[in-house]
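Student:
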Amino acid sequence: VSALVRELSRLGVPVLVDRFGVGGVPFSYLKRLPFRAVRIDHSFIHNLDRHDENRFWLESVVGIAHSRGVKVYATGVETAAEYSVLCRLGIDGAMGYHLGRPFAADT
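Residue 892 in the numbering used here is what sits at position 101 of the sequence shown, and the numbering runs on without skipping anything.
1) With a threshold of 6 Å on Cβ separation, who are the neighbours of residue 805 within its own chain once the five nearest residues in sequence on each side are excluded?
2) Helix, strand or coil for residue 830? Go by DSSP, reduced to three states.
3) Going by the beta-carbon positions, is the gap between residue 832 and residue 811 smaller than 8 Å?
4) Between which two residues does the beta strand (DSSP E) holding residue 864 run?
5) Three or more beta-carbon pairs under 8 Å between the stretch 863-870 and the stretch 836-853, yes or no?
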C-alpha cells in the first residue's frame, strides 16, 4: 500500500482515505504517506458533542493532518451540535443530513 500511494502521488494522482479511523488504515499512515485528504468515518462523528474520547481523537487527527497539508472531511454529520464541534476543531468540510439530504440528479 505504501509504495502504491507514493507512486500515485508522484504521478500527481490525489489519494483520499475514506472511512479513516476504521478498517485497515493505521493512524501512523497519516504521518508517513502523501495523502491529499482523509474522510473521517461517521462512527466518530455520531454524538461528537457528547463523547470526549472521539473529540480528542479527532482533534489529534486534524492537527496531524493539517501539519502535513492533508485536508480532513467528516461524514455523517446529523446535528447542529456535531457540526459546531467539527467547525471548532477546524475540519475542512463535512457532509450529512444536517447539511443537506440526498436528492435525485434530475431535480
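Idealized CB from N, CA, C, for every residue including glycine. Treat the numbers as computed from the prediction; the structure is a model and nothing was measured.
Tutor: By the coordinates alone:
1) Taking the first residue of the sequence shown as position 1, residue 805 is located at position 14. Contacts found: 827.
2) Within the sequence shown, numbered from 1, the residue matching residue 830 stands at position 39. In this structure, residue 830 counts as strand in the three-state DSSP scheme.
3) The count along the sequence shown starts at 1 and reaches residue 832 at position 41. The count along the sequence shown starts at 1 and reaches residue 811 at position 20. Note that the C-beta distance between residue 832 and residue 811 is below 8 Å.
4) Along the sequence shown, one-based indexing puts residue 864 at 73. For residue 864, the uninterrupted beta strand (DSSP E) run begins and ends at 862-865, by DSSP.
5) The stretch 863-870 and the stretch 836-853 touch, with no fewer than 3 CB-CB distances between them shorter than 8 Å.
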